[in-house]
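Worksheet: the structure to be examined is printed underneath.
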Amino acid sequence: MPIQLTGVSYRYGQSPALRDIHLVIPEGGLTVLCGVTGSGKSTLLRLLSGLEQPTSGSIDYSHADSSASVSIVFQQPESQLFAGSVRKDVEYGLEQQAVPEPRRSEAADRAMRQAGLDPEQYGQRSPFLLSGGEKRRVCIAGAIAPLPRLLLLDEPTAGLDPPAARALLETAAELKRGGYTIVVATHDLDCFFPLADQVAVLAQGALRYSGPPDGLWKGARVLEDAGLEPPAYIRIGRMLMRQGGLDALPSGAGELLAELDPRSLVYPGSGAGPAAAGGERPSAASLSSTAGGAATDAITAADTDTDSADGSGSAKRQAGLVLRTLDPRVKWLAMALWSLVLLGMKSILPLALTTVLVAVLLACGGITRKRAVWFYRPFLPMFLFLWLLSAFSWSGADGAASFAFSSEGALTGGLAVLRLGLLVSLGFLFTETTSGAPLREGLEWAIAPLGRLGVRTRNWSLAVSVTLQFIPWILGKISALQLALASRGSRKRGLARWTPRQISLMAVPLLLQVIGMGDELSTAIEARGYDPSKPRTPWLVLSWRRKDTAALLLVLLAAALLWWVSGV
1 MPIQLTGVSY RYGQSPALRD IHLVIPEGGL TVLCGVTGSG KSTLLRLLSG LEQPTSGSID
61 YSHADSSASV SIVFQQPESQ LFAGSVRKDV EYGLEQQAVP EPRRSEAADR AMRQAGLDPE
121 QYGQRSPFLL SGGEKRRVCI AGAIAPLPRL LLLDEPTAGL DPPAARALLE TAAELKRGGY
181 TIVVATHDLD CFFPLADQVA VLAQGALRYS GPPDGLWKGA RVLEDAGLEP PAYIRIGRML
241 MRQGGLDALP SGAGELLAEL DPRSLVYPGS GAGPAAAGGE RPSAASLSST AGGAATDAIT
301 AADTDTDSAD GSGSAKRQAG LVLRTLDPRV KWLAMALWSL VLLGMKSILP LALTTVLVAV
361 LLACGGITRK RAVWFYRPFL PMFLFLWLLS AFSWSGADGA ASFAFSSEGA LTGGLAVLRL
421 GLLVSLGFLF TETTSGAPLR EGLEWAIAPL GRLGVRTRNW SLAVSVTLQF IPWILGKISA
481 LQLALASRGS RKRGLARWTP RQISLMAVPL LLQVIGMGDE LSTAIEARGY DPSKPRTPWL
541 VLSWRRKDTA ALLLVLLAAA LLWWVSGV
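Under UniProt numbering, the very last position in the sequence shown is 568; numbers go up by exactly one each time.
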């Protein structure tokens, strides 16, 4: 049965990502979701997988257990590999569905063969040491091992070299012949259009076209209006049809080359046929390669233009947010001063007032509730554990052990945890409203007097700014790993996903990604000729304005008021 999407919409905070999507995905076919970066392709895949729920509308899978019948392969394979061997990684989804051990092994072997991996050759190898194309195949094998009704692929050829991309296309074609319903989100139209039974074109979160690929060439310029270029074989075909070289558009590059092989073509600039001009005519393969490169360049340019437009719109929205446009020196002073005041708070009233102040600042900084939940969720178990340590006491006096609840300890521990949470919130607010360069320049200004004492302030500022930016990056990687784990098991939400088993599985890939990021960062620093002993010319010059003075006065006033209240 087909999958029916009716009026599906989704929002990230206040920003709409998808708007009123009506789409039917045919069973047993390959559907291509195409669109530029930010068009909503990946969001739609997450909704289809059950990892996110639509803000409005419905998705009808026409079968009872939709979550167990859908598998998704994300764009970054590094965020989807967890086990120590390829076989164990492929078996993870089967283990989550309680498949018995003998059947797990058989299903894993079958899935690896379908994905183009020899079980004897790859079964015991570490997935973390494979090439990019091989990692992508392991992810596909893990996705198809439970025999899903629907397979979702997000940019499967991204970052692959041509041989690896061709091999992955062959795998996709084989899976399609095997009866899988496949949805591919991509802007690599040259690769996937020849395989597609249906194409859905997204632009700015709206569905602009759904139907067979051939329908795109008969009517309006749907792809062009969505910021994409037609595949190279269509562009070449149109050019040749205008010159009388072809009677109809080809359905793929293979058909185009077959049509061109016996023909003598008249190409622009020759003035006549190649024979008459006395020169060699270009081969069909070279012509296809040239046009293919042009199409790829055009698609890349379209993506860049879209990203620039989105970034410009985002910058304009942020320009209206006072916190994001303040001088970073004000923010450094505010964080340092309020942190000192916070450490001296011992009662409920000042902490409550500070909580209200921080909440207002988070809202003024344009930080959405979803973003805040994403940040605070990892800290909740730690906060709860610290409070329980203070609230409960263990006594073994007179040979009789007792476990008791202390209301005084609960109050004291609660205030301490709240104080710690507010300190974390100040750091979160600072890093969310300050980008890397202003943050570093503000810190260097603050610690510049230490340079007179022989302290290498540049090393300190670089270390602190990198650390502050590493924390959100690591949390983002944890979120991606959690999402990948959820996609291969039950679709549990909230704190239920934070199990000891999942934490142990995420530890190794997270550590490898952190080490890789650190290595890339150190290479970048060396490549730029970083020398802490030499003076640096900042590319960002800080400028103090009237609103910064006003903000500083408000910071001092708030700090004085909170200090006075805490001493009353």
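We treat Cβ as the ideally placed atom computed from N, Cα and C, and that holds for glycine. Since the model is a prediction, treat every value here as computed from it, not as a measurement.
- Secondary structure note for Ala185: its beta strand (DSSP E) is the uninterrupted segment 181-186.
- Spanning the alpha carbons of Ile234 and Asp519 requires a straight line of approximately 43 Å.
- In this chain, Ile367 is not harboured by any beta strand (DSSP E), its DSSP state being neither H nor E.
- In the DSSP annotation of this structure, Asp531 is not part of any beta strand (DSSP E), being labelled neither H nor E.
- Contact annotation: Thr355 and Leu342 have beta-carbon atoms that are not nearer than 8 Å.
- Annotated as proximal: Pro119 and Met112, with beta-carbon spacing under 8 Å.
- Nearest neighbour of Ser461 by Cα position, chosen from Ala448, Asp60, Asp188, turns out to be Ala448.
- In the DSSP assignment, Ser58 is bridged to Thr6.
- For Thr431, the enclosing alpha helix (DSSP H) stretches over residues 407-433.
- The Cβ atoms of Leu33 and Leu202 sit closer than 8 Å to each other.
- Scanning Leu169, Leu552, Ser487 for the CA closest to the CA of Val184 turns up Leu169.
- When Cβ pairs closer than 8 Å are counted between the two stretches, the segment 88-105 is seen not to touch the segment 168-182, the count staying below three.
- With a 10 Å radius around the Cβ and a threshold of 16 neighbouring Cβ atoms, Ile367 comes out buried.
- In this structure, the alpha-carbon of Ser347 lies about 10 Å from that of Leu411.
- Less than 8 Å separates the beta-carbon of Pro146 from that of Gly93.
- Distance from the Cα of Gln114 is smallest, within the candidate group Pro250, Leu130, Gly365, Cys139, for Cys139.
- The C-alpha of Glu78 is placed about 31 Å away from the C-alpha of Ala232.
- Taking C-alpha positions only, Leu153 is separated from Ile182 by approximately 8 Å.
- Sequence-distant partners of Ser425 (beyond 5 residues in either direction) whose C-beta falls short of 6 Å from its own C-beta, in its chain, are Val358.
- Annotated three-state conformation of Val36 is coil, per DSSP.
- Burial check for Trp387: the Cβ neighbour count within 10 Å reaches 16 or more, so the residue is buried.
- Between Val8 and Gly57, the C-beta spacing is below 8 Å.
- Bounds of any beta strand (DSSP E) do not take in Val222; it lies within the alpha helix (DSSP H) bounded by 222-225.
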